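Protein chains in written order, with our numbering: chain A, 11 to 468; chain B, 11 to 468. See structure below.
Number of protein chains: 2
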Amino acid sequence: MTEKFLLVEKAVNELVAMKKYNTLRDILTTMNPPDVAALFAGIDNRQLPLLFRLLPKEQAAETFVEMEPDAQEVLIRSFSDNELKEIVDELYADDAAEIVDEMPANVVKRILRQATPEMRASINLILRYPENSAGSIMTTEYVSLRPDMTVEESILRIRRQGVDKETIYTCYVTQGRKLLGIVTVKDLLLCDDDTKLIQDIMLTNIISVTTLTDKEEVAKMLSRYDFLALPVVDAENRMVGIVTFDDAMDVLEEEATEDMALMGGVLPSEKTYLKDSVFSLFKNRIPWLLLLMVSATFTGMIITSFESALAAQAALTAFIPMLMGTGGNSGSQSSVTVIRALSLDELRLSDLPRVIWKEIRTAVLCGAALAAVCFVKIWLVDGLLLGNEGITLGVNAVVCLALFVTVLAAKLVGASLPLLAKAVKLDPAVMASPFITSIVDALSLLVYFLFARLLLGV
Amino acid sequence: MTEKFLLVEKAVNELVAMKKYNTLRDILTTMNPPDVAALFAGIDNRQLPLLFRLLPKEQAAETFVEMEPDAQEVLIRSFSDNELKEIVDELYADDAAEIVDEMPANVVKRILRQATPEMRASINLILRYPENSAGSIMTTEYVSLRPDMTVEESILRIRRQGVDKETIYTCYVTQGRKLLGIVTVKDLLLCDDDTKLIQDIMLTNIISVTTLTDKEEVAKMLSRYDFLALPVVDAENRMVGIVTFDDAMDVLEEEATEDMALMGGVLPSEKTYLKDSVFSLFKNRIPWLLLLMVSATFTGMIITSFESALAAQAALTAFIPMLMGTGGNSGSQSSVTVIRALSLDELRLSDLPRVIWKEIRTAVLCGAALAAVCFVKIWLVDGLLLGNEGITLGVNAVVCLALFVTVLAAKLVGASLPLLAKAVKLDPAVMASPFITSIVDALSLLVYFLFARLLLGV
């Protein structure tokens, strides 16, 4: 598919250069909106309005929704009021709200002026909710049925109203706006008797979220129950909107991206890598780097205070990077595993003792294996092969013992910090490798010099 | 919701202890299958069959699908042939195939003996496809229509056949099993004329995948186009099945989990953290640790070869951890960002020059800021505050210059290695922090000692 897309992209660029607009229209109209949007992302801003006008009305609106905010702004500024109205009329309320949210004030004013009063009310409603809430990603267009309607009446209503609704497949049964039950189109179609009442076939065991539920929670629920949409209700159980599965997929992807960024010691960005400015990349990366560089003052102080030991046994210095590196890696292995398990709800806070016990046993296995290999490696490679005379049996023992203890400590710190972060309502993902590494670095050095003092008397 | 679930869990456990099975049945029947399965995961294996038999037939089958393989096996072994048949009859082909794939041979034989011939054929078909292919996650139950049917006939057919299909909302128009077009139930319901022919309203611009398309690719396409299902065709464009959005959500989640594991230097596991054995955790973690420990031999050799320099300027040793740590963090920031952008298809191989240019500018900003702060910190804290006499202006300059160059090198290595991995068809995620750190550790030491030699003459 990607290769096919690259070929189409090449062809389109050539047709644009040759101004073959009729051929272009023929190609574009056979494509899906996300692909057209991807194609337009590579087109010069001056050509964009021209190409966009080649699309038929419905495809134009669907493509518009899929485009990046900067391209959307270019287009809106090139539209006449009539053209803008045509696009806005085709939008779903949640998409319209998202676009309005990204545009500068003067563009927003133009959009709202072209919107119908209902659309304007919906956009305002959605934008009033906090950034990461269910209310902020819901759409207000759904099919509602009354409990006293028959199956036949309901199907008629769907046929009449459906064209403007984001999904018609799940319908919501309400009375005085209170949510009473759910009926799917499958239930309606497969019902053997068209005169049955909705209240007799509706599901009343409803799973709903409130307008303020965190959008990540909403996305996880949609994924857990395999629903097409979840109803969003207010504090009085009055129906205000729905969140559909496609928005849930986007949220899950966003959250995974955020977690990965945090794991790598980067503050999450709203923009894609190539669209992000260098200064924004800098801003998102420098805080962790600064913090961790300054915290490394402690490792420096530990080394300084053991300067005489290092002078007496110069060979010890050579193993500092290996020790710190292995400790850091062991710790981030545990932290990444626990962070992901937490975000998939596979772990709870109360599992802390089980996690600790599991990590201790795993760390003993890993530590023992590493220490054994390390002992043989130092003896054979550093000692015999490279002929380093400073490497005595004592030095070797200090390195391997310190390695074992470091792995144990690193895995315990790595596994428990994310759980503790969760306990104090922090995002566990901030407790990932860069943070763990800093702590483990200091720990491993302390352990190392302690063993050196005990066994070598330095 | 999680808190509510914990309360229900507590109540259920108490009711089980008091053998209040009627009350238990009343509670369980109001719950959704994924919640019942989560509840059963905490129940003792000896109690499990008893509780499971409290569920009505359809809910029992849906709950069964959501359970972990070990619990499924316990249940199957406790079922009579009749009970097993009732469950198997309620399963969709893709779920049945997944269960069969996880069970030991003698359990598989029992399941297949109770399945209908069509179900048996479907299971065998799905299991024949390679592990990560579209064929292996598709279901063979979909609604197919003929091009010469009218809208009315089509709706009738859906009403007759729909009950056994995983989704009825997207119907596939075929002739001699060749896929000709797609019609949604929305199209059918909103059509103003019931006598219209399917071939006149169907979408012919079909997006399909083949049985061998990678399942991650399939999931990304479902998410990109917001489809409920994608048709799976064989090499001759004959329809063989569909992949539905709920399976796509699971695949996306799985792939993100795998990427995160690799980023943390862990081989991905099929099991959840708590279900995974200690030995399996060990097996998935030790390869990277061993590899990286052994590769640290190089950093050791670099330090050994500069032993005399370190002896002459003992203060240099104290900054080794800070330098290596900051280098490692800078590198993993870039690699994690690029890896995620690659897996979201936001970056292509041909973007390598743009990535390099972006990283160089970001690295110069980060490096300059870090070096400046580091210079002031060393001068004030290590020099004036801690009174470390070894820290001369020369040493300070060496550290800060080395820091700047290290950050630059780390960001270039971190950003380009994942792209190069992609170029040679490796998973970019293996080029994440543990791997990058090892390379950057050696680089940073070399740069450090080089500056020491140039500026301090050691």
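Positions of the beta carbon are idealized from the N, C-alpha and C atoms, including for glycine. Here the structure is a predicted model, which is why all the values come from computation and not from measurement.
- [ ] Report the neighbours of Q343/B on chain A: residues whose CB is nearer than 7 Å to its CB, in chain order.
- [x] Numbered from its first residue, the second sequence carries residue 343/B at position 333. Neighbours of Q343/B in chain A, taken as residues whose beta carbon is under 7 Å from its own, are G274, G275, V276 and R295 in chain order.
TODO: Could you spell out where the beta strand (DSSP E) holding Q209/B opens and where it closes?
DONE: Indexing the second sequence from 1 puts residue 209/B at position 199. For Q209/B, no beta strand (DSSP E) encloses it; the enclosing alpha helix (DSSP H) starts and ends at I208 to I211.
Open item on the list: Below 7 Å on C-beta distance, what does I168/B contact in chain A?
Closed with: Taking the second sequence and counting its residues from 1, the one referred to as residue 168/B is at position 158. Within chain A, the residues near I168/B are L199.
Open item on the list: Taking CB distances under 8 Å as the criterion, tell me whether M334/B reaches chain A.
Closed with: For this step, residue 334/B is matched to residue 324 along the second sequence. Under the 8 Å criterion on CB atoms, M334/B is classed as interfacial with respect to chain A.
Open item on the list: Just to confirm my understanding: we take A378/B, look at its own chain, exclude 5 residues before and 5 after, and list those with CB closer than 8 Å. What are they?
Closed with: Counting from one through the second sequence, the residue named residue 378/B turns up at place 368. For A378/B, where only same-chain residues beyond five positions count, the Cβ hits under 8 Å are F414.
- [ ] State yes or no: is the C-beta of L34/A within less than 8 Å of the C-beta of V46/A?
- [x] Stepping through the first sequence from its first residue, residue 34/A is reached at position 24. Stepping through the first sequence from its first residue, residue 46/A is reached at position 36. No.
- [ ] Output yes or no for whether 8 Å exceeds the beta carbon distance between S233/A and L262/A.
- [x] Translated into the one-based positions of the first sequence, residue 233/A becomes position 223. Translated into the one-based positions of the first sequence, residue 262/A becomes position 252. Judged by beta-carbon spacing, L262/A lies within the 8 Å limit of S233/A, meaning their Cβ atoms are closer than that value.
Task: Selected residue, minimal CA-CA separation from A442/B, among I401/A, R371/A, E356/A and S342/A - done: The residue labelled residue 442/B in the question sits at position 432 within the second sequence. Among I401/A, R371/A, E356/A and S342/A, the Cα nearest to that of A442/B belongs to S342/A.
TODO: Only counting runs of 3 or more residues, tell me where the beta strand (DSSP E) segments fall wholly within the region 153 to 226 of chain A, in order along the chain.
DONE: With a minimum length of 3 residues, the continuous beta strand (DSSP E) runs that stay inside the region 153 to 226 of chain A are 153 to 155, 180 to 185 and 188 to 194.
- [ ] In angstroms with no decimal places, state the Cα-to-Cα distance between L359/A and L352/A.
- [x] In the first sequence, counting from the first residue as 1, residue 359/A sits at position 349. In the first sequence, counting from the first residue as 1, residue 352/A sits at position 342. If you draw a straight line from the Cα of L359/A to the Cα of L352/A, it comes to about 9 Å.
Task: Simplified DSSP state of I401/A, which is helix, strand or coil - done: Position 391 of the first sequence, counting from 1, holds the residue named residue 401/A. The three-state secondary structure of I401/A, taken from DSSP, is coil.
TODO: Give the residues of chain B in contact with F387/A, contact being defined as C-beta atoms less than 9 Å apart.
DONE: On the first sequence, residue 387/A is found 377 positions in, with the first residue counted as 1. Here residue 387/A is Lys; the residue named in the question, Phe, does not match the sequence. For K387/A, the residues of chain B that pass the 9 Å Cβ criterion are M303, V304 and T307, in the order they occur in the chain.
Open item on the list: Looking only at its chain, what residues have a beta carbon closer than 8 Å to the beta carbon of V84/A, apart from the 5 residues adjacent to it on each side?
Closed with: Position 74 of the first sequence, counting from 1, holds the residue named residue 84/A. Correct list, in chain order: N55, L58 and P59.
Open item on the list: Considering only the alpha carbon of each residue, which of M129/B, N92/B and E96/B lies closest to V110/B?
Closed with: One-based indexing of the second sequence puts residue 110/B at position 100. Checking every option, the nearest Cα to that of V110/B belongs to M129/B.
- [ ] Give me the Cβ distance between V161/B and K206/B, rounded to the nearest whole Å; I'm assuming they're in contact under 8 Å.
- [x] If you number the second sequence from 1, residue 161/B lands on position 151. If you number the second sequence from 1, residue 206/B lands on position 196. Indeed they touch by this definition, with Cβ atoms about 5 Å apart.
Task: The alpha helix (DSSP H) enclosing G341/B, as first and last residue numbers - done: Within the second sequence, the letter at position 331 stands for residue 341/B. Boundaries of the alpha helix (DSSP H) harbouring G341/B: I330 to S353, taken from the DSSP string.
Open item on the list: Between V391/B, K421/B, A431/B and A412/B, which has its C-alpha nearest L455/B's C-alpha?
Closed with: Here residue 455/B refers to the residue found at position 445 when the second sequence is read from its first residue. It is A412/B whose Cα lies nearest to the Cα of L455/B.
Task: Span separating the alpha-carbon of A306/B from that of I192/B - done: Position 296 of the second sequence, counted from the start, is the residue given in the question as residue 306/B. Position 182 of the second sequence, counted from the start, is the residue given in the question as residue 192/B. Each residue's Cα considered, the two are about 58 Å apart.
Open item on the list: On the criterion of 16 or more Cβ atoms from any shown chain inside 10 Å, does S448/A qualify as buried, or is it exposed?
Closed with: Along the first sequence, read from residue 1 onward, the residue named residue 448/A stands at position 438. S448/A is buried by the Cβ-count criterion.
Open item on the list: Under 8 Å: do the region 208 to 215 of chain B and the region 235 to 244 of chain A share three or more Cβ pairs, one atom per stretch?
Closed with: For the pair of segments examined, the region 208 to 215 of chain B was found not to touch the region 235 to 244 of chain A: the number of CB pairs separated by less than 8 Å stays below three.
TODO: Tell me, please, whether the CB atom of N215/B is closer than 8 Å to any CB atom in chain A?
DONE: Start at 1 with the first residue of the second sequence, and residue 215/B comes out as number 205. N215/B counts as touching chain A.
Task: Beta-carbon spacing of F292/A, F459/A below 8 Å - done: Numbered from 1 along the first sequence, position 282 holds the residue referred to as residue 292/A. Numbered from 1 along the first sequence, position 449 holds the residue referred to as residue 459/A. Cβ atoms of F292/A and F459/A: not closer than 8 Å.
Open item on the list: Quick check on M249/A: does DSSP put it in helix, strand or coil?
Closed with: Stepping through the first sequence from its first residue, residue 249/A is reached at position 239. DSSP places M249/A in strand when its eight states are reduced to three.
- [ ] Just the C-alpha distance for A321/B and A321/A, rounded to the nearest angstrom, thanks.
- [x] Position 311 of the second sequence, counted from the first residue, corresponds to residue 321/B. Position 311 of the first sequence, counted from the first residue, corresponds to residue 321/A. Looking at the two C-alpha atoms, the distance is approximately 7 Å.
- [ ] Using three-state DSSP, classify M11/A as helix, strand or coil.
- [x] Translated into positions along the first sequence, residue 11/A becomes position 1. In this prediction, M11/A scores a pLDDT of 48, lower than 50, which makes its location untrustworthy; no coordinate-derived value is stated.
Open item on the list: For E264/B, which residues in the same chain have their Cβ closer than 7 Å to its Cβ, ignoring the five residues on either side in sequence?
Closed with: In the second sequence, counting from the first residue as 1, residue 264/B sits at position 254. Here the set comprises nothing.
TODO: May I ask you to report which of helix, strand or coil DSSP gives L240/B?
DONE: Within the second sequence, numbered from 1, the residue matching residue 240/B stands at position 230. DSSP places L240/B in strand when its eight states are reduced to three.
Open item on the list: Do L284/B and D361/A have their beta-carbon atoms positioned less than 8 Å apart in this structure?
Closed with: For the purposes of this step, residue 361/A is taken as the residue at position 351 of the first sequence. For the purposes of this step, residue 284/B is taken as the residue at position 274 of the second sequence. For D361/A and L284/B, yes; Cβs fall inside 8 Å.
Task: Touching by the beta-carbon criterion (3+ pairs, under 8 Å), the region 286 to 305 of chain B and the region 264 to 284 of chain A - done: These segments do not touch.
TODO: Check T416/A in the structure and name its three-state DSSP category.
DONE: As a working mapping, residue 416/A is identified with position 406 in the first sequence. It is helical.
- [ ] On a CA-only basis, which of P444/B, P127/B, I252/B and T416/B is nearest M303/B? Give me that one, please.
- [x] In the second sequence, the residue the question calls residue 303/B occupies position 293. With distances taken between CA atoms, M303/B lies nearest to P444/B out of P444/B, P127/B, I252/B and T416/B.
- [ ] Can you grab the Cα-Cα spacing for the pair E226/A / L64/A, in whole Å?
- [x] Position 216 of the first sequence, counted from the start, is the residue given in the question as residue 226/A. Position 54 of the first sequence, counted from the start, is the residue given in the question as residue 64/A. Note on geometry: alpha-carbon atoms of E226/A and L64/A lie some 38 Å from one another.
Task: Proximity winner among E19/B, E72/B, M77/B and K30/B, relative to K281/B (alpha-carbon distances) - done: By one-based count along the second sequence, residue 281/B stands at place 271. Proximity to K281/B across E19/B, E72/B, M77/B and K30/B peaks at M77/B, based on C-alpha coordinates.
Task: First and last residue of the uninterrupted alpha helix (DSSP H) at L94/A - done: Within the first sequence, numbered from 1, the residue matching residue 94/A stands at position 84. Counting along the chain, the alpha helix (DSSP H) containing L94/A begins and ends at D91 to E100.
TODO: Rounded to whole angstroms, what's the CA-CA distance from S132/A to C201/B? Just pull it up for me.
DONE: Stepping through the first sequence from its first residue, residue 132/A is reached at position 122. Stepping through the second sequence from its first residue, residue 201/B is reached at position 191. Taking the straight line from one Cα to the other gives about 28 Å.
TODO: Look up L302/B in the DSSP assignment and say whether it is helix, strand or coil.
DONE: By 1-based counting over the second sequence, the position of residue 302/B is 292. L302/B falls in the helix class under three-state DSSP.
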